[in-house]
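Enquirer:
Printed below as a string of structure tokens:
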């Protein structure tokens, strides 16, 4: 197509580059710029064919309209203004910039001197602006067509929070080794909708996929120098653009179509979104986007020293959520993913940084939260905060406003410590199992405010929690200094791999015990993808830089009696659905149930069957714990009951089964022991059952409909 390179004024209404059927309108926000140029490239993004100064400005928005242009147009930005770091400005028109609102990128970043806005001297030197053109070495923006309206696409599943089971998964890692996924689309978003994976998740009992970052991100220079990559994706550069290597077709339509197919299967899709920092890092980083567009308007700079960046994210810079321009960008990003791609919600990385006041304190009434609450298309989605950042600890846990839920890291730590056998942890375990009322009860909401998890992408996998006592991050090129040293893990006496069959069974039993605790706790459970197949990272608790079999799911574990935990997980989730007591969005009261004959909604029991008293909670020598849960049955005077026996000790422990009124027998429905699958065996109230070391068992009373317990472990000959 022949395009006359003459710009009309166009509109400032919608930022970014958008095709209206007749031409492309571009609008860019920069307060301190003196000129903005729209640079057009050939379709491969290799040759610059025009530099067009934007002809109009409304307030901080520069804009123009190119008649005859359309989807596929490749472009970048050059922005003129002062290079004055000590005033907060780092404009450099020799550096081609990514439009922060672009919906697609073409090409990859090549790390070289040209991508830096300064010379070999200090980046703060007023005379240090580098004059080498960076265009050959940076990704280019691409104009995309509009996606189909949500009204014409499959409806969202809209799964209630109380029924939600989240599965955190990496887009590439989940399919790279899957034999049922066609090789050409392995590692792409298209693979997520393949029948083999959809069936797998549905059979497991998952309702909601939480995808690690799928927006465009970069590999850090230091990783490239060591032959590594940023695998996780928490190094963003264009939050509205799908990461190009994840698209088999090259079009964001691929992700929208994948979301549609998952919705048709009844599965929700949450995306992990990173809005707290960018890949431009600190003052010594490259000039790729916001730094050259208007550094002082987008980033938090140190008061009195605007040449320095506030680095609360631990990644070199922090975006400024007190700036209207930043909030508008965040809002547009969320609306694009929700209202055009069609996702069902977001997990906000380092979410405390998105609610910081200008003074740096967390503000639950911050502009972003108010913006979301006021948007009817966003406020009813699944919104999850990671309620901490490198400088805050977990000080904001329980402090986020409606409609935002929160990752509960205290759940993670307390459950890990209990099952490791740490003394004095029974009380903490009980609080977490019951929904963490100490955290979420104070805001008068409910247990579903908290997302309970034992593992996530960051840290040990579940298998490694039971096989390693310390981290092994030597392959990360940081001398094993990276990653947390606080893992609450145990190896059973052998670090890493072992051929000891007894130890292998004990490790498997421990993994099942933690999973059973998670899936029967109040609150919303989240599983780390691959834990049900005992995925290992060989002790690496910070595998962010390994795009390899170390991080990819190993589907060959299916059917391995020591690694494949799917039967146990499936049964635990079936219990959760059919017995319903874990799904209630109310904290346990510990009081007598109305119309019952002595039943409380929950009783905490010693192994001998007596109720735990204040001395029992305080006694650090007591570790094993019984949990008797009751809830209304079909007949009000016949409550349903489940009894859990939790034994984190190093030796087997006898448990006396409770004897509630009218119970004739107990049926085993869940057993973490790798050998003792109980079939349809019944146990007598008041009788004693031996629970193995590190084991969990669950029974339902005769007043419930017995569930088929299935085969929860390998055969006794394993």
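Residue numbers (our numbering): 65 to 782.
C-beta: ideal position from N, C-alpha, C; glycine also.
Using the Cα positions of residue 430 and residue 393, report the straight-line distance between them to the nearest angstrom.
Expert: 15 Å
Enquirer: From the DSSP output, which residues share a beta bridge with residue 559?
Expert: The partner list for residue 559 (beta bridge, DSSP) is empty, contrary to what the question assumes.
Enquirer: Is it buried or exposed, residue 768, if we count other Cβ atoms within 10 angstroms and call 16 or more buried?
Expert: Legend: pLDDT at residue 768 = 45, less than 50; position of this residue unreliable, value from coordinates given subsequently. Residue 768 comes out buried.
Enquirer: Considering only residues of the same chain and omitting the five flanking positions on each side of residue 684, which have a CB-CB separation below 7 Å?
Expert: So the qualifying residues of the chain are 487 and 488.
Enquirer: May I have the straight-line CA-CA distance separating residue 104 from residue 500, to the nearest angstrom?
Expert: Answer to the nearest angstrom: the Cα atoms are 55 Å apart.
Enquirer: DSSP on residue 248, reduced to helix/strand/coil?
Expert: Helix at residue 248.
Enquirer: Just the C-alpha distance for residue 651 and residue 304, rounded to the nearest angstrom, thanks.
Expert: C-alpha of residue 651 to C-alpha of residue 304: approximately 39 Å in a straight line.
Enquirer: Drop a sphere of 10 angstroms on the beta-carbon of residue 204, count the other beta-carbons inside from all chains shown, and report buried for 16 or more, exposed for fewer.
Expert: With 16 or more Cβ atoms within 10 Å of its Cβ, residue 204 is classed as buried.
Enquirer: Rounding to the nearest angstrom, what Cα-Cα distance links residue 102 and residue 468 in this structure?
Expert: 38 Å
Enquirer: When DSSP builds the beta bridges, which residues end up paired with residue 233?
Expert: 275
Enquirer: Express the C-alpha separation of residue 596 and residue 255 in angstroms, rounding to a whole number.
Expert: 20 Å
Enquirer: Output the distance between the C-alpha atoms of residue 327 and residue 218, rounded to the nearest integer angstrom.
Expert: 6 Å
Enquirer: Tell me whether residue 653 is buried or exposed, calling it buried when 16 or more other Cβ atoms sit within 10 Å of its Cβ.
Expert: exposed
Enquirer: Which of the three DSSP states, helix, strand or coil, is assigned to residue 702?
Expert: coil
Enquirer: Just to confirm my understanding: we take residue 240, look at its own chain, exclude 5 residues before and 5 after, and list those with CB closer than 6 Å. What are they?
Expert: Taken in chain order, the residues that qualify are 250, 251 and 616.
Enquirer: Between residue 367 and residue 548, what straight-line distance do the alpha-carbon atoms span, to the nearest angstrom?
Expert: 31 Å
Enquirer: What does DSSP give as the partner residues of residue 182 in its beta bridges?
Expert: 193
Enquirer: Three or more C-beta pairs closer than 8 Å, one from the region 563–577 and one from the region 526–544: is that the case here?
Expert: Counting C-beta pairs closer than 8 Å gives three or more between the region 563–577 and the region 526–544, which meets the contact rule.
Enquirer: Would you grab the beta carbon distance between residue 691 and residue 721 for me? Rounded to a whole angstrom, and I think it's under 8 Å.
Expert: 13 Å between Cβ atoms; not a contact.
Enquirer: When the distance is taken between beta carbons, is residue 518 closer than 8 Å to residue 472?
Expert: no
Enquirer: Please state whether the Cβ-Cβ distance between residue 147 and residue 396 is less than 8 Å.
Expert: no
Enquirer: Mind listing, in chain order, the continuous beta strand (DSSP E) runs of no fewer than 3 residues lying wholly within the region 657–707?
Expert: Taking only runs of at least 3 residues, the beta strand (DSSP E) segments lying wholly in the region 657–707 are 666–669 and 689–695.
Enquirer: Using 10 angstroms around the beta-carbon of residue 348, count the other beta-carbons present and answer buried if the total reaches 16, otherwise exposed.
Expert: The residue is exposed, with fewer than 16 neighbouring Cβ atoms inside 10 Å.
Enquirer: Secondary structure at residue 592, three-state DSSP: helix, strand or coil?
Expert: strand
Enquirer: Could you give the DSSP three-state label for residue 263: helix, strand or coil?
Expert: helix
Enquirer: For a test of the three-state rule: what should DSSP assign to residue 240, helix, strand or coil?
Expert: coil
Enquirer: Which residues mark the beginning and the end of the alpha helix (DSSP H) in which residue 492 is found?
Expert: 490–497
Enquirer: Rounded to whole angstroms, what is the Cα-Cα separation between residue 199 and residue 158?
Expert: 8 Å
Enquirer: With DSSP as the reference, label residue 147 as helix, strand or coil.
Expert: The three-state reading of DSSP puts residue 147 in strand, counting E and B together.
Enquirer: Return yes when the Cβ of residue 335 is within less than 8 Å of the Cβ of residue 278, no when it is not.
Expert: yes
Enquirer: In the DSSP assignment, find the unbroken beta strand (DSSP E) run with residue 93 in it and report its ends.
Expert: Its beta strand (DSSP E) spans residues 87–93.
Enquirer: Skipping 5 residues on each side, what residues in its chain have a beta carbon closer than 7 Å to that of residue 135?
Expert: Result list for residue 135: 83, 207, 208 and 209, in chain order.
Enquirer: Pull up the distance between the alpha-carbon of residue 608 and that of residue 96, whole angstroms please.
Expert: 36 Å
Enquirer: Looking only at its own chain, which residues have a Cβ that is under 7 Å from the Cβ of residue 246, when we skip the five neighbours before and after it?
Expert: none
Enquirer: So, helix, strand or coil for residue 109, using DSSP?
Expert: The answer is coil: DSSP assigns residue 109 none of H, G, I, E or B.
Enquirer: Only counting the same chain, and skipping five residues up and downstream in sequence, which positions put a Cβ closer than 7 Å to that of residue 571?
Expert: 530, 531 and 556
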